[in-house]
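To start, the structure under review is shown below, and the notes come after it.
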Amino acid sequence: MLGFLKEPVVVTAKINVNLVALTVMGLISRLWGLCYPRAVVFDEVYYGQFVSLYMKRIFFVDDSGPPFGHMLLALGGYLGGFDGNFLWNRIGAEYSMNVPVWSLRLLPALAGALCVPLAYQILVELHFSHCAALGAALLILLENSLITQSRFMLLESILIFFILLAVLSYLKFYNLQKHSAFSGSWWFWLLLTGVACSCAVGVKYMGLFTYLLLLATAGLHFWHMIGDQDLSNVSLLCHFLARGLALIIIPMGLYLSFFYVHLALLYRSGPHDQIMTSAFQASLEGGLARITQGQPLEVAYGSQITLRNVLGKPMQCWLHSHTNTYPIRYENGRGSSHQQQVTCYPFKDVNNWWIVKDPGMQQLVVSNPPRPVRHGHIVQLVHGITTRYLNTHDVAAPLSPHSQEVSCYIDYNISMPAQNLWRVEIVNRESDTDVWKTILSEVRFVHVNTSAVLKASEAIGASLPEWGYRQLEVVGEKLSKGYHQSMVWNVEEHRYGKSQEQKEREVELHSPTQMDISKNLSFMAKFTELQWKILTLKNEDTEHKYSSSALDWITMDTNIAYWLHPTSGAQIHLLGNVATWASANAAGLVYLCLSLWYLLRRRRKIYDIPEDAWQLWVSAGGVCAGGWAVNYLPFFLMEKTLFLYHYLPAVTFQILLIPVVLQHLSDHLCRSVLLRSMLSALIVAWFSSVYFVYSTLSPVTYGQPALPPAQLRALRWKDTWNILVRKQ
Numbered sequence: 001m002l003g004f005l006k007e008p009v010v011v012t013a014k015i016n017v018n019l020v021a022l023t024v025m026g027l028i029s030r031l032w033g034l035c036y037p038r039a040v041v042f043d044e045v046y047y048g049q050f051v052s053l054y055m056k057r058i059f060f061v062d063d064s065g066p067p068f069g070h071m072l073l074a075l076g077g078y079l080g081g082f083d084g085n086f087l088w089n090r091i092g093a094e095y096s097m098n099v100p101v102w103s104l105r106l107l108p109a110l111a112g113a114l115c116v117p118l119a120y121q122i123l124v125e126l127h128f129s130h131c132a133a134l135g136a137a138l139l140i141l142l143e144n145s146l147i148t149q150s151r152f153m154l155l156e157s158i159l160i161f162f163i164l165l166a167v168l169s170y171l172k173f174y175n176l177q178k179h180s181a182f183s184g185s186w187w188f189w190l191l192l193t194g195v196a197c198s199c200a201v202g203v204k205y206m207g208l209f210t211y212l213l214l215l216a217t218a219g220l221h222f223w224h225m226i227g228d229q230d231l232s233n234v235s236l237l238c239h240f241l242a243r244g245l246a247l248i249i250i251p252m253g254l255y256l257s258f259f260y261v262h263l264a265l266l267y268r269s270g271p272h273d274q275i276m277t278s279a280f281q282a283s284l285e286g287g288l289a290r291i292t293q294g295q296p297l298e299v300a301y302g303s304q305i306t307l308r309n310v311l312g313k314p315m316q317c318w319l320h321s322h323t324n325t326y327p328i329r330y331e332n333g334r335g336s337s338h339q340q341q342v343t344c345y346p347f348k349d350v351n352n353w354w355i356v357k358d359p360g361m362q363q364l365v366v367s368n369p370p371r372p373v374r375h376g377h378i379v380q381l382v383h384g385i386t387t388r389y390l391n392t393h394d395v396a397a398p399l400s401p402h403s404q405e406v407s408c409y410i411d412y413n414i415s416m417p418a419q420n421l422w423r424v425e426i427v428n429r430e431s432d433t434d435v436w437k438t439i440l441s442e443v444r445f446v447h448v449n450t451s452a453v454l455k456a457s458e459a460i461g462a463s464l465p466e467w468g469y470r471q472l473e474v475v476g477e478k479l480s481k482g483y484h485q486s487m488v489w490n491v492e493e494h495r496y497g498k499s500q501e502q503k504e505r506e507v508e509l510h511s512p513t514q515m516d517i518s519k520n521l522s523f524m525a526k527f528t529e530l531q532w533k534i535l536t537l538k539n540e541d542t543e544h545k546y547s548s549s550a551l552d553w554i555t556m557d558t559n560i561a562y563w564l565h566p567t568s569g570a571q572i573h574l575l576g577n578v579a580t581w582a583s584a585n586a587a588g589l590v591y592l593c594l595s596l597w598y599l600l601r602r603r604r605k606i607y608d609i610p611e612d613a614w615q616l617w618v619s620a621g622g623v624c625a626g627g628w629a630v631n632y633l634p635f636f637l638m639e640k641t642l643f644l645y646h647y648l649p650a651v652t653f654q655i656l657l658i659p660v661v662l663q664h665l666s667d668h669l670c671r672s673v674l675l676r677s678m679l680s681a682l683i684v685a686w687f688s689s690v691y692f693v694y695s696t697l698s699p700v701t702y703g704q705p706a707l708p709p710a711q712l713r714a715l716r717w718k719d720t721w722n723i724l725v726r727k728q
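What follows is the structure, encoded as structure tokens:
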């Protein structure tokens, strides 16, 4: 029974020495001296702020992309025991001892290192020789720009890692298709493709370009499968569902999970709250949640409320009034009603409080039981401090003459009657009998007499002059097509009024509320709002010293100074390996010309290369040239500040094209032994030049050793390169 113990247990394994050696070299090149410099390098000043906010669980919004990349950087800080206490205010600031520099930079460095063996495996899966695959990996290994970008707390190396992992996974899946469909390994690589695509998009939206490329490739491959008569309809359906699950459903679910974790971690109020809706703010610990805790849910006649404009641009503001009146005549000679001013005020103030009044009753308190206000009800809005009624009439607004003036009515005993009835329209209602709810309901106020809609003005320079204390203009919009957010308001602070006397009411307006309310938003509601803010929130793009155009990247006519030592000449620059970039451009041009030549010849029924070689050439181009195109060309359509590092995903694919073209030249165009020998000699000489450029630029890639001014000047190979030389 125990006879098997008489023989030793033997485990055999195949080890690809090339792969192991490349991985080790990649780790050495990216991890060596990772803590140097112990100072803030370029965009670490930007991403470091978010890491600190993660450590302190404080909510933030970054309009540059989804949160997964930020969470990975924060994971490095968490593993290193970072407490989040560091002031990320300038590039070059020395890190304090509590900042785990090595840990914060570790994940980007690991991702950059693993790109080297990934490049090798991609060429192997494309059915190129191990020699070509080794060449591709060595080019990635010796690419100065990729080394620089992966050694700091930045996201591009992580993005490129997931992009390459997605491509490799799909290629492995596709190569298993004919012989091992629906096997365990087939499912593994298909699912990993979807996961890697989702992670790439979750790091930066630039990952969407490669994701779409792989979806298009998968669609094309499935289209070819439809024509395979050996596959039954049931088999085709299973293939379709498997791809839909792995490449669409799972990536979408994983993308949602990034936001779920992000929102679960960041539960405290922070500096970015003001751009979110009141409902979102109230779901965070502290901030608005502290103010609104215990408020009544349903707005009733007699409720005391503050009304926040939903648009929040150019800044958040609340419906406001004060005792001052509009001037009798404006600077341009137009007349006004001389009524009490109504504005949108960007700060919390007691003059932001209004009372919801039933037009048929005089009382300004909530009855027992409360009578809730519903969609379509007519109300009057009474200013809490001055007790004047919100009013609009056919008088031109001060800054927007095509809109109506909004005021609080003062009876001057002239022929200008009060027009103070407003119909409540709940924009996000589920039915026409919905109750107006605190924070949750988004409402429009439609003037009964004129059908104008209460609106925060969007006019350029919509701040009132000195007589209006530079507050924002509020108007009655006559043409109210659609539900623009500037016309929509929500109740932020709310209490049930109990005091009929004005002096007692003023005291009440300053007192805290005491009733309970539950305003927790669902995850999907929070996700939808946050995603919309990320996509639509745009910081003002200003010209940066190191910004560049997409055309500058191909010839590397630009660089970025990442760091400069305060005393020595040591510095770090984002610079590509000139020999590699020039070769990548040449490879792209050769691939294009050869492809056009082959297509023309094939059209004439002339086949210069075997069919399997043609299919190999096309598939490699789809991955490498296609990857370059989809990651580069969209930048010509973008209206944003661009930097050289935006080109790194595209140039990575272009570098992979170099060994593809070289092997094709050797196998199919160099027909004689002499030509192949000459090509091999040229490749050796060319690769020596690649290493020479890598070695020469290493001092400004790693930041050490510090070079004297003469050597720094010698590195200005192009007049457009901004190599910094200190004056002696």
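One point on numbering: in the UniProt record's numbering, the residue at position 423 of the sequence shown is 423, and numbering is uninterrupted.
We put the CB at the ideal spot given by N, CA and C, even for glycine.
Beta carbon proximity, residue i to chain C, threshold 8 Å
i: G626; result: Within the model displayed, chain C is absent; a lone protein chain is all it includes.
Reference residue i; option with closest CA among the options
i: S549; options: P634, V491, A525; result: P634
i: F162; options: T193, Y326, E611; result: T193
i: L307; options: G384, W102, Q362; result: G384
i: E493; options: P465, K478, Q500, I439; result: I439
i: F128; options: M55, P708, L665, R671; result: L665
i: T558; options: Q663, P566, D719, R603; result: D719
i: L489; options: R444, A462, S522; result: Checking the sequence shown, residue 489 turns out to be Trp, not Leu. Comparing Cα positions, the closest option is R444.
i: G569; options: A452, S619, R726; result: R726
i: C35; options: I58, L106, N85; result: L106
i: V350; options: P327, K357, R334, T387; result: T387
i: L27; options: A74, R470, R151; result: R151
i: S457; options: E430, V424, P401; result: P401
i: T580; options: M524, L657, G622, E504; result: L657
i: P37; options: V99, K503, Q502; result: V99
i: P251; options: S283, L214, E285, D228; result: L214
i: T433; options: Q471, H375, A418; result: H375
Rounded straight-line distance, which links the Cα of residue j to that of residue i
i: L319; j: N352; result: 6 Å
i: D411; j: L297; result: 35 Å
i: W721; j: Q711; result: 14 Å
i: S403; j: G360; result: 29 Å
i: V10; j: P117; result: 28 Å
i: H221; j: D612; result: 16 Å
i: C238; j: L231; result: 11 Å
i: S185; j: A246; result: 14 Å
i: I122; j: C115; result: 10 Å
i: Y54; j: S269; result: 12 Å
i: residue 730; j: L168; result: The question about residue 730 has no answer, for the chain in this structure spans 1 to 728.
i: R423; j: V448; result: 6 Å
Short Cβ contact (8 Å threshold) for residue i with residue j
i: Y255; j: V201; result: yes
i: M556; j: V578; result: yes
i: L574; j: T148; result: yes
i: P372; j: V446; result: no
i: I655; j: A584; result: yes
i: W88; j: S52; result: yes
i: G302; j: Y95; result: no
i: R30; j: A113; result: yes
i: P108; j: M153; result: yes
Residue i (DSSP reduced to helix, strand or coil)
i: V51; result: helix
i: C670; result: coil
i: R676; result: helix
i: C624; result: helix
i: Q615; result: helix
i: I91; result: coil
i: F445; result: strand
i: T325; result: strand
i: S549; result: coil
i: E298; result: strand
One or two residues paired with residue i in a DSSP bridge
i: Y389; result: V382
i: S303; result: Y496
i: I58; result: R268
i: N351; result: BP columns for N351 are empty, so no partner.
i: P372; result: A300
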